[in-house]
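Working notes for the structure below.
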Amino acid sequence: MGLLERFRPKKQEKEPSKEEAKDKVSSSLDKNLKYLKDKLKDCDDVVYREFRVGSRQQFRFALIYVDGLIDRNMIYEEVLKSLMLQTRHANLNPGIITGDVFSIALRSGLTTGEVKEEEYIDKSMISLLSGDSLVLVDGYKKVLVIGSKGWPNRGVQEPQTEAVIRGPRDGFTETMRSNTALLRRRLRDPNLKIKQTKVGVRSKTDVALAYMDNIVDKNVLKEVEKRLESINIDGVLESGYIESFIEDEKYSIFPQVQSTERPDKVAASLLEGRVAIITDNTPFVLLVPATLNILLQSSEDYYERWFIASFIRILRYASAFVSLVLPAAYIAITSYHPGLIPTDLALYIAGTRTGVPFPAFIEAILMELTLELLREAGIRLPGPIGQTIGIVGGLVIGQAAVQAGLVSPIMVIVVAITAIASFSLASYSVGIAFRILRFFMIVLSAVLGLYGLVMGLLMILVHLCSLKSFGVPYLAPLVGNTYYELGDALVRVPQTVMYRRPKTLAGGNMIRMRTGGAKGASGGGGGRDGDDAGSGGTKGGSVKAGDGNGKGKAGGRRVSGGRDNGQKSGGQKEGGPGTHE
Amino acid sequence: MNDQEKITSNQLMAIMFTTIIGFGLLTLPRAVTEAAGPDGWLLVLAGGVVAIIISIFISRLGLMFPGKTVVEYSGDVITKPLGIIFSLGFFIYYVLFCAFEARVFAEITKQFLLDRTPTEAIIITMLLGSVYLARQDIATVGRIGEMLVPVFILPSLLFLLPAIPEMDLTNLLPFMRTPPVRFLTGIGTIVISYLGFEALLLFQPFMARPRDAAKAMTVALIAVMLIYTLAVVSAVSIFGVVEIQRLIWPPFAVYRVIKIPGAFIENVHGVVMAIWVVAIYMTLTVFFFAAVTILSRVLSLREHSFIALPLAFLIYFLALIPDNVVQVYGYLDAFSLYLGVPFSFVLPAALFIIAKVRGMGKERRNGREKQTKNGG
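If you read the sequences in order, they're chains A and B.
Residue 579 in numbering that gives the first Met the number 0 sits at position 580 of the first sequence, with consecutive numbering throughout.
Residue 88 in numbering that gives the first Met the number 0 sits at position 89 of the second sequence, with consecutive numbering throughout.
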């Protein structure tokens, strides 16, 4: 399936047209083999198998594949066995088998699913290197490309970086095909489009764009395609390569593209009208456009009950703020404005600081840097040791530094709270952006006190306001005329009242997909339930009577439509797939 | 610059609100009580109404010349050379305003937050911060306005609540005893507090729907009026008419007397100051942005960002000219009388009247009617 699509990208088609004559498959098998062997010289992982087919062994065939990339069983059983043994049986009836051996092999010889003819030898070579097998027949100017990809695979595992308490445990893997399958399993909608191209002159990495055709903002989609096409790099080894090519502002500290390992998150984003960029060889899928608000969310927010989710979201926003300003505010207040805090506390802080030889600024920088080092060391060291070293190291250093009189105990507390706050952010890259900016804030408030702190915050805010991700303001929906989306920003209102897709992300006339029963079914309502949202929506549509609570909960995201249903009794009709567009 | 992103009417509202409110509030209670005694808060309302009327004129004027800022259409209305002189005057007005803002801000910051930091350092950092925003496009200014409105409305109102027990409303009596003539001349003294709305002359063409400008301006100015009235009423009722005239910045004095019971923050005024930095920053930056926009349009530049930094140095030197706060306010009074009133009240109204007399809006309307006829 994907194999056919894979050859569609323009770039790949242009190439052969340049050197057409040279590239075409020759009719002589020996010539072709020689050409391939020449090109793939010293590539010892390529296997050539020549064999003969037919009762009198009159047809010369060759099978070529890259060892390790293919499913051997499949090739042996469905290609070699079929061609060599079964055609011999068929040959008992000689009237049929005469004629074009090539098309017979294609039509009835090979018992595999994906087979394609290919005229250009270089193109077939690329598919050979991506894991397909080639069958060459002497005397025919075409190659049979057999989809036989099958390499050792990590298998679907729980994502390491985005753990949830409640929610699906499957995560993306390094194989793009299984990643798209994970998406397709969640969105069984013909509108889920998965467009593949290849990026990277040498790596020829498969990159797929996934989007919901009738929800996505076409301008965003066009822009993504344009930017992807403009990438001209030798190799794409991780989606980060692509990210750095497609992001809007390269000199910003904030990530403007979201990356995730969670298929449920991607599915939910697609339903909001965003575009996913799936890259082969990495479990990290890119999502655009991304806003700060989205980056601070976790997919679990939609699985927990709304009250809990809202609390956690507020907590997360608060911790983003704390991780940015706490040490800076501590420095500003202790060094410049001790009058702002209660006198007892100010005196106590001053007391703990007696004997500390450094100014608060040095103290803070020292501790923050130590913390960053511990964090980095903790990541590099193997799992269990890393954790232990992180915690123990932190404790020992904190405790020892205080006892040695180098750091005041309150500073240790401040730094520890800051660290906890910054690790509680859902996105690692946003967390690290805030951590870096924290140093900037520390410097500013050490120089200019509270005024510096406020100016620093203002500068960061100006920067955030000036950022855009694929035409969407980075701070949406806090800015722009999208205030109703605030229900899914600082807090998360119940799924049942989120009638509309976010206007900032979804495109054009498809904003209110959730209002009707059918829309509920195709859009899966809040959709974040993953698999069952679709069927749930349909059920809600046809049951329709319970549009208030109870049963309506499933289809109930059409709430405003639900009101209509009561009068039109259109639940059943709208529930049908007929009214999609 | 024409293909840049537009602002929504809410963003215009936010820009105007944050721009106007920053600077005027500082001296307002003192100025109005000097002019009209306990009836000062009525003066605030009267000034607000005048500002609303003028801003409606301005928005009508802007609608006559769609897609053009005052720099372009003043040339159409009062011949090209006069138009350029007008625009340059407007530019000088904004530059001077920025200089005053920066200086006053530095003085306040010095007094309340950083008593040992040199004024120059505060002015420079403030201006550099402004340059950063002035180099962006109008949409960014709009977004930041939107973000900042709640940031400083909510806390300043919340912190006013504990001041209620300190208030004595009898300080506002006697009511309506100011002689009408004194009251009318008093309106002139408070215009400084409403300066900023005339930036609509520049911002209207950047709106996605310029028709909404009048409505947005009215809402913004009413909000400003309410906040000002609240500030005056609270300051006068706490300190009384006599005492208030001895305070340079009465609103800060209000926050100084407040004690929040049982709160972690002992002294509210520090936090209020922090919010104040935000407000002043916004005012200064919008004026700065306006100055940069005017200059780039007079010189017909395609990019406006690179003017910002040199302009900041000019403002920096201008800001350091006065020797002390008293002198700053002396200059400021002259400034608001000879530049503020003309450029924000008289000249826009005059432009509007001249354009009307010359039948410019009509021309366009007729033209459009013709077009629609042809189209039909």
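Glycine residues also receive a C-beta, built at the ideal position from the N, C-alpha and C atoms.
Beta-bridge partners of residue i, as assigned by DSSP
i      : result
B/T282 : B/T282 pairs with nothing; no bridge assigned.
A/T196 : A/V206
A/T259 : A/V284
A/P167 : According to DSSP, A/P167 bridges with nothing at all.
B/Y254 : None, per the DSSP bridge assignment.
A/K23  : A/Y119
A/G59  : A small fix is needed here, since residue 59 of chain A is Arg in this sequence, not Gly. Beta-bridge pairing links A/R59 to A/R51.
A/I69  : A/K148
B/S304 : Answer is none; B/S304 lacks a bridge partner.
A/Y64  : A/V46
A/L191 : A/M211
A/A635 : Here chain A has residues from 0 to 580 only, and residue 635 of chain A is not among them.
A/V114 : A/I145
A/Q472 : In the sequence as presented, Gln is not what sits at residue 472 of chain A; that position holds Pro. Answer is A/K467.
Within 7 Å, strictly: CB atoms of residue i and residue j
i      : j      : result
B/I353 : B/V76  : yes
A/V453 : B/V267 : no
B/I107 : B/S335 : no
A/W150 : A/L236 : no
A/A266 : A/P326 : no
B/D338 : B/Y131 : With the sequence shown as reference, residue 338 of chain B is identified as Leu, and Asp is not the correct amino acid for it. Not a contact, by the Cβ cut-off of 7 Å.
B/Y254 : B/V271 : yes
B/G46  : B/A278 : no
A/D70  : A/S147 : yes
B/S73  : B/F56  : no
B/I274 : B/F151 : yes
A/K140 : A/S243 : no
A/S423 : A/T351 : no
A/Q255 : A/E246 : yes
A/I63  : A/Y75  : no
A/G234 : A/R183 : no
Residue span of the alpha helix (DSSP H) that contains residue i, given as start and end
i      : result
A/E624 : The displayed coordinates of chain A run from 0 to 580. Any statement about residue 624 of chain A would go beyond what the structure contains.
B/I107 : 79 to 111
B/V231 : 212 to 243
B/L331 : 324 to 334
A/Q386 : 382 to 402
A/H462 : 427 to 465
A/Q494 : From DSSP, A/Q494 is part of no alpha helix (DSSP H); its letter is neither H nor E.
B/A349 : 346 to 356
A/A308 : 305 to 334
A/F422 : 408 to 422
B/P28  : 27 to 35
A/R352 : 342 to 352
A/F253 : Per DSSP, A/F253 belongs to no alpha helix (DSSP H) and is neither H nor E.
A/D37  : 28 to 38
B/F22  : 8 to 23
B/M206 : Neither: B/M206 is in no alpha helix (DSSP H) and is coded neither H nor E.
A/M83  : Taken as a continuous stretch (DSSP letters only), A/M83 belongs to no alpha helix (DSSP H), as it is neither H nor E.
B/E71  : 69 to 76
Residue interval of the beta strand (DSSP E) (run including residue i)
i      : result
A/V278 : In the sequence under discussion, the amino acid at residue 278 of chain A is Thr, which differs from the Val named in the question. Per DSSP, A/T278 belongs to the beta strand (DSSP E) from 274 to 278.
A/V136 : 132 to 136
The ligand NAD heavy atom lying under 6 Å from the CB of residue i
i     : result
B/S58 : Inclusion of the ligand NAD in the displayed structure is not the case, the ligand content being empty and no account of it being possible.
Alpha helix (DSSP H) segments (min. 4 residues) lying fully within the segment 157 to 200 of chain B: Entirely contained in the segment 157 to 200 of chain B, the alpha helix (DSSP H) runs reaching 4 residues are, in chain order, 179 to 193.
Members of the segment 478 to 492 of chain A near chain B, C-beta cut-off 9 Å: Residues of the segment 478 to 492 of chain A with a Cβ closer than 9 Å to any Cβ of chain B, in chain order: V478, G479, N480, Y482.
Chain-ordered residues of the segment 449 to 464 of chain A with a beta carbon less than 7 Å from chain B: L449, Y450, V453, M454, L457, M458, L460, V461, C464: these are the residues of the segment 449 to 464 of chain A whose beta carbon lies less than 7 Å from some beta carbon of chain B, given in chain order.
Complete runs of the alpha helix (DSSP H) confined to the segment 208 to 240 of chain A [at least 4 residues]: Runs of the alpha helix (DSSP H) inside the segment 208 to 240 of chain A: 217 to 228.
Proximal residues, the segment 123 to 137 of chain B versus chain A, C-beta separation under 7 Å: Cβ contacts with chain A come from T124, G128, Y131, L132, Q135.
The segment 327 to 342 of chain A: positions lying closer than 9 Å to chain B by Cβ: Within the segment 327 to 342 of chain A, the qualifying residues are I332, Y335, H336, G338, L339, I340, P341, T342.
Members of the segment 100 to 116 of chain B near chain A, C-beta cut-off 9 Å: Per Cβ criterion, the list reads T108, L112, L113, T116.
Cβ-based contacts, 8 Å cut-off: residues of the segment 415 to 447 of chain A near chain B: For the segment 415 to 447 of chain A, which is checked against every Cβ of chain B, the residues closer than 8 Å are L447.
Contact residues within the segment 6 to 17 of chain B, judged by C-beta distance below 7 Å to chain A: So the close ones are T7, N9.
Residues of the segment 238 to 254 of chain B whose Cβ lies closer than 7 Å to any Cβ of chain A, in chain order: Under the 7 Å Cβ criterion, the segment 238 to 254 of chain B contributes no residue.
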